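Peer 1:
Protein chains in written order, with the working numbering: chain A, 4 to 162; chain B, 4 to 162; chain C, 4 to 162.
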């Protein structure tokens, strides 16, 4: 049993999926896993559209950024061959046919396995994303917390 | 002598090149190196066009994906300044002038140095890529194998 | 006290920023930090436009590449939502409002904290970038130097 950390910087469906496949695989082998969500990666932790809290305290620019960011894992695009959203639809169909879990289930599994999900507070400020917009039962911290976790990890990835 | 692992997720010429430069450098210093090819990174292991096996058992969507994926290292685009394929041509010329090995030679060198190349089977299913389409003498495995290798590595990168 | 290394391959404002936030955070916790700048990441080390040395000894292709590469940290684009340069302007405004240091200050802080900045010489050859075009007091080395540093690191990231 050892510890793994992943910084998830990317908000691309395929990269987020890769991150959760690695994280779930490690947790299944009894590793302790911490995922640190920063910048575009925060999109993976957002609640679906209807449930977002009203944007009262955001500046206009924060509103602009947060409006354009995808709301939740099933809204993410691909890093390549996105084709205005057709790529992800295709990929999800192929994944289903290949019996690969969709991203939203991979995230549920991560939570069930006790993987620690941490939202980067500095990125939340920059992107104009507030805690109420993110899924429940996650932690909030900054770079010092990441570094403390990574110091204990034997595998530390930036995705 | 220590061990290095690289997950090659990207299929961009420049990133694949960076991965093989690091891998070959480590192998030249007597390190054990394992490269794990996943998602777009599988393109780097594909055989050139003519040699691909016929797509009989693929679904239509798998065929669509695998048709659009570049066939072999010399068909890859750049992550930036690709300019519809002009960028890679320019970069290869500059590399030649600077006496830098082209990607296909970097891959040959990796094989000669005994670097372990592993194709991710889950990604192959999703992308619709079959073993016959990939270069010979590579291994096939999933995330558990990657994690076992990474646990032994002192440097583990995601590219 | 331990050692961290970061390969900065990306030249995107947001990714370069993430790299320096992690590097500065680690240095503030008394870690030794080495950053290795390769490919597009070299842009972050370039001097602003007017101060660049004349391109006499470059080939035409090297000139083309180096002309297109951003000159210095404040000229970099975003990896997502760049919108022809509007994205970075927006992000810098939001960062200022959130009291987050702009990239150029993050780089200054890294230097003040004694973070070792190494420019990859092979990438400089390929990109047509010469030492006179990069900021002062950095080091120049190849993959062997990176690997020697990474062997001593307990956290090694590729960004």
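Beta carbons: idealized from backbone N, C-alpha and C, even for Gly. Small disclaimer: the values here were computed from a predicted structure and weren't measured.
Using CA atoms only, rank isn't needed, just tell me which of 17/A, 75/A, 128/A and 100/A is closest to residue 50/A.
Peer 2: The residue given as residue 50/A occupies position 47 in the first chain. For residue 50/A, the nearest C-alpha among the options comes from 75/A.
Peer 1: So with Cβ pairs under 8 Å, would you call residue 67/B a contact of chain A?
Peer 2: By 1-based counting over the second chain, the position of residue 67/B is 64. By this cut-off, residue 67/B is an interface position.
Peer 1: Is the number of C-beta pairs between the stretch 133–151 of chain A and the stretch 28–40 of chain C that are closer than 8 Å three or more?
Peer 2: yes
Peer 1: Please state whether DSSP places residue 12/A in a helix, a strand or coil.
Peer 2: Residue mapping note: residue 12/A aligns to position 9 of the first chain, counting from 1. Of the three classes helix, strand and coil, the one that applies to residue 12/A here is coil, per DSSP.
Peer 1: Anyone know if the C-beta pair for residue 121/A and residue 142/A falls short of 8 Å?
Peer 2: Your numbering for residue 121/A matches position 118 in the first chain. Your numbering for residue 142/A matches position 139 in the first chain. Result yes, Cβ atoms of residue 121/A and residue 142/A sit closer than 8 Å.
Peer 1: From 158/C, 132/C and 137/C, pick the residue whose C-alpha is nearest to that of residue 70/C; which is it?
Peer 2: Within the third chain, residue 70/C is the residue found at index 67, counting from 1. Looking at the Cα atoms, 132/C is the closest of the given residues.
Peer 1: When we look at the beta-carbon of residue 40/B and count the other beta-carbons within 10 Å, is it buried (16 or more) or exposed?
Peer 2: For the purposes of this step, residue 40/B is identified with residue 37 of the second chain, where counting begins at 1. Buried: at least 16 other Cβ atoms inside 10 Å.
Peer 1: Answer with buried or exposed for residue 77/C, where buried requires no fewer than 16 other C-beta atoms within 10 angstroms of its C-beta.
Peer 2: Locating residue 77/C in the third chain gives position 74, counting from the first residue. Result: exposed.
Peer 1: Measuring alpha carbon to alpha carbon, tell me which residue in 85/B, 94/B, 84/B and 89/B is nearest residue 163/C.
Peer 2: Since the first residue of chain C shown is 4 and the last is 162, residue 163/C is not available in this structure.
Peer 1: Per DSSP, what kind of secondary structure is residue 1/C in: helix, strand or coil?
Peer 2: The structure shown does not extend to residue 1/C, since chain C is modelled only from 4 through 162, so no value can be given for it.
Peer 1: Listing by chain order, which chain B residues have their CB less than 8 Å from the CB of residue 14/C?
Peer 2: Taking the third chain and counting its residues from 1, one reaches residue 14/C at position 11. The answer, in chain order, is 83.
Peer 1: Can you name, in chain order, every residue of its own chain whose Cβ lies under 7 Å from the Cβ of residue 159/A, other than the five neighbours on each side?
Peer 2: Within the first chain, the letter at position 156 stands for residue 159/A. These residues qualify, in order along the chain: 8 and 153.
Peer 1: Output yes if chain C places a C-beta closer than 8 Å to the C-beta of residue 33/B; else output no.
Peer 2: The residue you call residue 33/B lines up with position 30 of the second chain. No, its Cβ sits nowhere closer than 8 Å to a Cβ of chain C.
Peer 1: So which residues of chain C does residue 131/A contact, with C-beta pairs closer than 8 Å?
Peer 2: Position 128 of the first chain, counted from the first residue, corresponds to residue 131/A. Neighbours of residue 131/A on chain C, chain order: 97.
Peer 1: Quick one: give me the first and last residue of the alpha helix (DSSP H) that residue 95/A is part of.
Peer 2: Position 92 of the first chain holds residue 95/A. Element bounds for residue 95/A: 89–100.
Peer 1: Spatial neighbours of residue 112/B within its chain, please: CB distance less than 6 Å, with the 5 preceding and 5 following residues excluded, ordered by chain position.
Peer 2: Here residue 112/B refers to the residue found at position 109 when the second chain is read from its first residue. Correct list, in chain order: 27.
Peer 1: Got a sec? Which residues, its chain only, sit under 8 Å from residue 124/C by beta carbon, not counting five neighbours each side?
Peer 2: Within the third chain, numbered from 1, the residue matching residue 124/C stands at position 121. Within the same chain, residue 124/C has close Cβ partners 143, 144 and 145.
Peer 1: For a contact defined as C-beta to C-beta under 8 Å, what are the partners of residue 111/C on chain B?
Peer 2: For the purposes of this step, residue 111/C is taken as residue 108 along the third chain, with counting starting at 1. What residue 111/C touches in chain B: nothing, since even the nearest Cβ is about 26 Å away.
Peer 1: Would you mind working out which of 128/A, 67/A and 48/A sits nearest residue 139/A, comparing C-alpha positions?
Peer 2: Residue mapping note: residue 139/A aligns to position 136 of the first chain, counting from 1. Here the closest residue by C-alpha is 48/A.
Peer 1: Determine whether the beta carbon atoms of residue 107/C and residue 45/C lie at a separation below 8 Å.
Peer 2: Translated into the one-based positions of the third chain, residue 107/C becomes position 104. Translated into the one-based positions of the third chain, residue 45/C becomes position 42. No, they are not a contact pair.
Peer 1: For residue 150/A, which residues in chain C fall below 7 Å Cβ to Cβ?
Peer 2: By 1-based counting over the first chain, the position of residue 150/A is 147. Residues of chain C passing the Cβ test: 28, 29 and 32.
Peer 1: Does the Cβ of residue 87/C have 16 or more other Cβ atoms within 10 Å, making it buried, or fewer, making it exposed?
Peer 2: Stepping through the third chain from its first residue, residue 87/C is reached at position 84. Residue 87/C comes out exposed.
Peer 1: Can you list the residues of chain A that residue 39/C reaches, using a CB-CB cut of under 9 Å?
Peer 2: Within the third chain, residue 39/C is the residue found at index 36, counting from 1. Chain A residues near residue 39/C: none, gap ~14 Å exceeds 9 Å.
Peer 1: Within 8 Å of any Cβ in chain C, is that where the Cβ of residue 100/B sits?
Peer 2: Within the second chain, numbered from 1, the residue matching residue 100/B stands at position 97. Interface criterion met: the Cβ of residue 100/B is under 8 Å from a Cβ in chain C.
Peer 1: Judging by CA-CA distance, which residue of 4/C, 151/C, 128/C and 155/C is the nearest neighbour of residue 42/C?
Peer 2: What you label residue 42/C is simply residue 39 of the third chain in a count that begins at 1. Taking only the C-alpha atoms, the option nearest residue 42/C is 128/C.
Peer 1: Between the C-alpha atoms of residue 17/B and residue 25/A, what's the straight-line distance to the nearest angstrom?
Peer 2: For the purposes of this step, residue 17/B is taken as residue 14 along the second chain, with counting starting at 1. For the purposes of this step, residue 25/A is taken as residue 22 along the first chain, with counting starting at 1. Distance between the alpha carbons of residue 17/B and residue 25/A: 24 Å.
Peer 1: So residue 73/A packs on residue 117/A, CB below 8 Å; how close in whole Å?
Peer 2: Here residue 73/A refers to the residue found at position 70 of the first chain. Here residue 117/A refers to the residue found at position 114 of the first chain. Between residue 117/A and residue 73/A the Cβ distance is about 26 Å, and since that is not below 8 Å, they are no contact.
Peer 1: Do residue 81/A and residue 90/A count as a contact pair if the criterion is CB distance below 8 Å?
Peer 2: For the purposes of this step, residue 90/A is taken as residue 87 along the first chain, with counting starting at 1. For the purposes of this step, residue 81/A is taken as residue 78 along the first chain, with counting starting at 1. Yes, Cβ-Cβ distance for residue 90/A and residue 81/A is below 8 Å.
Peer 1: So, is the C-beta of residue 144/A closer than 8 Å to a C-beta in chain C?
Peer 2: In the first chain, residue 144/A corresponds to position 141, counting from 1. No, residue 144/A does not count as interfacial toward chain C.
Peer 1: Is there a Cβ of chain C sitting closer than 8 Å to that of residue 139/B, yes or no?
Peer 2: Here the question's residue 139/B lines up with position 136 in the second chain. No, no contact with chain C.
Peer 1: Using a Cβ-Cβ distance under 8 Å, would residue 48/B count as near chain A?
Peer 2: Residue mapping note: residue 48/B aligns to position 45 of the second chain, counting from 1. No, because no Cβ of chain A sits closer than 8 Å to the Cβ of residue 48/B.
Peer 1: Is the distance from the Cβ of residue 97/B to the Cβ of residue 64/C below 8 Å?
Peer 2: In the second chain, counting from the first residue as 1, residue 97/B sits at position 94. In the third chain, counting from the first residue as 1, residue 64/C sits at position 61. Yes.
Peer 1: Rounded to the nearest angstrom, what separates residue 157/B and residue 156/C at their Cα positions?
Peer 2: Residue numbering aside, residue 157/B sits at position 154 when the second chain is read from its first letter. Residue numbering aside, residue 156/C sits at position 153 when the third chain is read from its first letter. Rounded to whole angstroms, residue 157/B to residue 156/C spans 8 Å at the Cα level.
Peer 1: Can you grab the Cα-Cα spacing for the pair residue 103/C / residue 110/A, in whole Å?
Peer 2: Indexing the third chain from 1 puts residue 103/C at position 100. Indexing the first chain from 1 puts residue 110/A at position 107. Each residue's alpha carbon lies about 30 Å from the other.
Peer 1: Which bits of chain B does residue 64/C rub up against, with CB to CB less than 8 Å?
Peer 2: As a first step, residue 64/C is located in the third chain; it is residue number 61 there, counting from the start. Under the 8 Å cutoff, chain B gives 93, 96, 97 and 100.
Peer 1: Closer than 7 Å by beta-carbon distance: list the chain C residues that pair up with residue 161/A, in chain order.
Peer 2: Against the first chain, residue 161/A aligns to sequence position 158. The answer, in chain order, is 160, 161 and 162.
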